[in-house]
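With this note's numbering as the guide, the letters of the sequence shown map in order to residues 979 to 1349. Written out below as structure tokens is the structure these notes cover.
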Amino acid sequence: MTIEKIELFLCRLPLVHFFETSFGRSYDRTFVLIRVTGAHEGTLHEGWGESVAEANPYYSSETTETVWHIIAGFIAPLIIGTRFDHPREVYPALKRIRGHNMAKAGVEMAIWDLYAKSVGQPLSKVLGGTRDRIASGVSIGIQDSLDQLLEKVDRELAAGYQRIKIKIKPGWDIDAVERIRKKFGQIGLQVDANAAYTLDDADLLAKLDPYDLLLIEQPLDYDDVMDHATLQRRIKTPVCLDESIHTVRIARDAIDAKACKIINIKPGRVGGHQASIELHDLCAAHGIPVWHGGMLESGIGRAHNIHLASLPNFSLPGDIAASKRYYQPDLIEPAIDIASDGTIEVPAAPGIGVNIMRDRIEKATLRHLSL
979 MTIEKIELFL
989 CRLPLVHFFE
999 TSFGRSYDRT
1009 FVLIRVTGAH
1019 EGTLHEGWGE
1029 SVAEANPYYS
1039 SETTETVWHI
1049 IAGFIAPLII
1059 GTRFDHPREV
1069 YPALKRIRGH
1079 NMAKAGVEMA
1089 IWDLYAKSVG
1099 QPLSKVLGGT
1109 RDRIASGVSI
1119 GIQDSLDQLL
1129 EKVDRELAAG
1139 YQRIKIKIKP
1149 GWDIDAVERI
1159 RKKFGQIGLQ
1169 VDANAAYTLD
1179 DADLLAKLDP
1189 YDLLLIEQPL
1199 DYDDVMDHAT
1209 LQRRIKTPVC
1219 LDESIHTVRI
1229 ARDAIDAKAC
1239 KIINIKPGRV
1249 GGHQASIELH
1259 DLCAAHGIPV
1269 WHGGMLESGI
1279 GRAHNIHLAS
1289 LPNFSLPGDI
1299 AASKRYYQPD
1309 LIEPAIDIAS
1319 DGTIEVPAAP
1329 GIGVNIMRDR
1339 IEKATLRHLS
1349 L
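Set out below in structure tokens:
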């Protein structure tokens, strides 16, 4: 296939409910959509991707503006007019660009969608997926009160989600977990700190051990592996790394250092589907279970996530929840939803397998560029 055109859409969608982490509170999401057009055996096809970079450089140093700049100025010249026999070749072709994984991922994942459509297969099959349904968990942000948090947990459990994750930060941690355990018992429960703590907080974090959590996600700094190794020796709760794992090489170092027992894979964080497959395989070879994180994606990015999470070592429920929790309406039809057993169907149509609502994208678009 030969890539002929790349289009960028800077979009903004209001969230159904505010979402708060240790970084702050969000009421909407600004993000970049990527549409790639290419020819395969003489027929034009299109693929869609979504960069998970946010407007502000809090989760990552990348932002929507850096993504726009890197794709337009550096990725597009390397991609447009280039022939690829398979999308696994795209990420290596961008190696000369250091970092900027969220920009690379948006384009690379769009090309995977294009390729899967061109060969008439669902993306999951092209990626090597083995499931037709995936287990779904839900992420609940920091709330205005513990009572409000308990109400949200109750609502999500009633919806069927197999696992609850809550965001924590200093001052919103032990009491929140204790209240949830007291009211709901031994539900699947994990916490996400988004790098809000330091190694000096190890004794505090050890107070989470009696609550039998599935894991504590990214408790320490985003670029820190060795302190996580020290922390894991001091606490029983499994440490899961997220922000720290932005390359397969760093994941290998973290596993060797015993800095974590579980890894969260987000394709947008590591550079796309190919890097995610390599990370998935590395973890499987070392007996490290993985699960799929989320970045408040629209239905386009969420559909990509569903397909990737069908790979066999995604053995824990991920943060891939129903669209209606975040956006109404979403940018796709039908909206992504969960079944009563807490699972989501992997779309069976070619590519990401969802219908893109162009009128909704147009309404949400702040800026458009065709390359």
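Don't be surprised by glycine CBs; every beta carbon is placed ideally from N, CA and C. Note that this is a predicted model, so its numbers are computed, not measured.
Comparing alpha-carbon positions, which option in the options lies nearest residue i?
i	options	result
Ala-1207	His-1224, Ala-1229 and Leu-1192	Ala-1229
Arg-1354	Ala-1171, Lys-1130, Ala-1180 and Asp-1178	Lying outside 979 to 1349, the shown extent of the chain, residue 1354 is not represented and no answer is given.
Phe-1162	Phe-987, Asp-1178 and Glu-1134	Glu-1134
Pro-1307	Thr-980, Ile-984 and Val-994	Val-994
Ile-1316	Gly-1296, Lys-1082 and Ile-1330	Gly-1296
Leu-1167	Leu-1209, Ile-1142 and Thr-1225	Ile-1142
Ile-1120	Arg-1003, Ile-1243 and Thr-980	Arg-1003
Ser-1288	Val-1068, Arg-1066, Ala-1299 and Gly-1107	Gly-1107
Ile-1298	Ser-1117, Lys-1341 and Val-1203	Ser-1117
Glu-1043	Phe-1009, Pro-1065, Ala-1071 and Gly-1320	Phe-1009
Pro-992	Lys-1302, Gly-1331 and Arg-1345	Lys-1302
Asp-1187	His-1270, Arg-1211 and Glu-1340	Arg-1211
Phe-1052	Arg-1076, Asp-1063 and Glu-1040	Arg-1076
Arg-1256	Val-1155, His-1270, Arg-1227 and Ile-1194	In the sequence as displayed, the identity of residue 1256 is Glu instead of Arg. The shortest C-alpha separation from Glu-1256 is found at Arg-1227.
Leu-1092	Ala-1050, Trp-1269, Gly-1025 and His-1078	Gly-1025
Phe-1062	Gly-1084, Ile-981, His-1251 and Asp-1006	Ile-981
Met-1087	His-1078, Gln-1099, Arg-1074 and Arg-1066	Arg-1066
Leu-1344	Tyr-1005, Trp-1046, Val-1014 and Met-979	Trp-1046
Arg-1159	Leu-1191, Leu-1177, Met-1204 and Ala-1235	Leu-1191
Asn-1242	Leu-1219, His-1346 and Asp-1205	Leu-1219
Ile-1266	Asp-1201, Gly-1250, Asp-1178 and Leu-1193	Leu-1193
Val-1268	Asn-1291, Leu-1274, Gly-1320 and Ala-1237	Asn-1291
Ile-1223	Lys-1236, Val-1248 and Val-1332	Val-1248
Ala-1253	Met-979, Leu-1072 and Arg-1007	Leu-1072
Leu-1260	Thr-1225, Glu-998, Leu-1209 and Pro-1197	Thr-1225
Gly-1027	Leu-1274, Gly-1250 and Ala-1300	Gly-1250
Ala-1342	Ser-1276, Gly-1320 and Ala-1300	Ser-1276
Met-1080	Leu-1347, Met-1335, Gly-1279 and His-1258	Gly-1279
So who's on the other strand from residue i, going by DSSP bridges?
i	result
Glu-998	Arg-1003
His-1270	Ile-1243
Ile-1142	Val-1116 and Leu-1167
Glu-1150	In the sequence under discussion, the amino acid at residue 1150 is Trp, which differs from the Glu named in the question. DSSP, once it has assigned bridges, lists Lys-1147 as partnering Trp-1150.
Val-1217	Ile-1194
Gly-1329	Pro-1100
Thr-1343	Cys-989
Lys-1185	DSSP, once it has assigned bridges, lists no residue as partnering Lys-1185.
Thr-1008	Arg-990
Thr-1321	Ala-1113
Ser-1348	Glu-985
Ile-1089	The partner list for Ile-1089 (beta bridge, DSSP) is empty, contrary to what the question assumes.
Ile-1334	Ile-1310
Thr-980	Ala-1017 and Arg-1061
With residue i and residue j assumed to form a contact (beta carbons below 8 Å), what rounded beta-carbon distance in angstroms separates them?
i	j	result
His-1264	Ile-1240	Contact flag wrong, Cβ pair sits at about 11 Å.
Leu-1286	Pro-1245	6 Å
Gly-1400	Ser-1318	Only positions 979 to 1349 of the chain appear in the structure, and residue 1400 is not among them; the question remains open.
Asn-1357	Ser-1000	Here the chain covers residues 979 to 1349 and nothing more, so residue 1357 does not appear.
Leu-1349	Lys-983	7 Å
Leu-1101	Ile-1330	5 Å
Ser-1123	His-1023	Incorrect: roughly 50 Å between the Cβ atoms, too far for contact.
Val-1068	Ile-1089	5 Å
Lys-1145	Asp-1181	With a Cβ gap of about 21 Å, Lys-1145 and Asp-1181 do not count as contacting.
Glu-1040	Ala-1031	4 Å
Val-1085	Ala-1094	So it is not a contact: roughly 15 Å between Cβ atoms.
Asp-1231	Val-1203	6 Å
Ala-1184	Lys-1147	17 Å between Cβ atoms; not a contact.
Asp-1205	Leu-1177	5 Å
Val-1332	Ala-1281	5 Å
Could you confirm whether any beta carbon from chain B is found closer than 8 Å to the beta carbon of residue i?
i	result
Ala-1088	Of the protein chains in this structure there is only one, and it is not chain B.
Contact between the region 1315-1335 and the region 1107-1122: three or more CB pairs below 8 Å? Three or more beta-carbon pairs drawn from the region 1315-1335 and the region 1107-1122 are found closer than 8 Å, and the two stretches are therefore classed as touching.
Quick test of the definition: if touching needs 3 or more C-beta pairs under 8 Å, does the region 1301-1315 touch the region 1146-1165? no
Ranges of the alpha helix (DSSP H) found wholly within the region 1011-1086, counting only runs of at least 4: 1042-1048, 1054-1057 and 1068-1071
Starting from the N-terminal side, write out each stretch of the alpha helix (DSSP H) that is 4 residues or longer and does not extend beyond the region 1245-1314. Counting only unbroken stretches of 4 or more residues, the alpha helix (DSSP H) elements lying wholly within the region 1245-1314 are 1245-1248, 1251-1263 and 1277-1286, in sequence order.
For the region 1206-1223 against the region 1025-1035, are there 3 or more C-beta pairs whose distance is under 8 Å? no
Would you call the region 1118-1138 in contact with the region 1006-1021, where contact means no fewer than 3 C-beta pairs closer than 8 Å? no
Would you check if the region 1047-1061 and the region 988-1008 touch, i.e. whether three or more CB-CB distances between them fall below 8 Å? no
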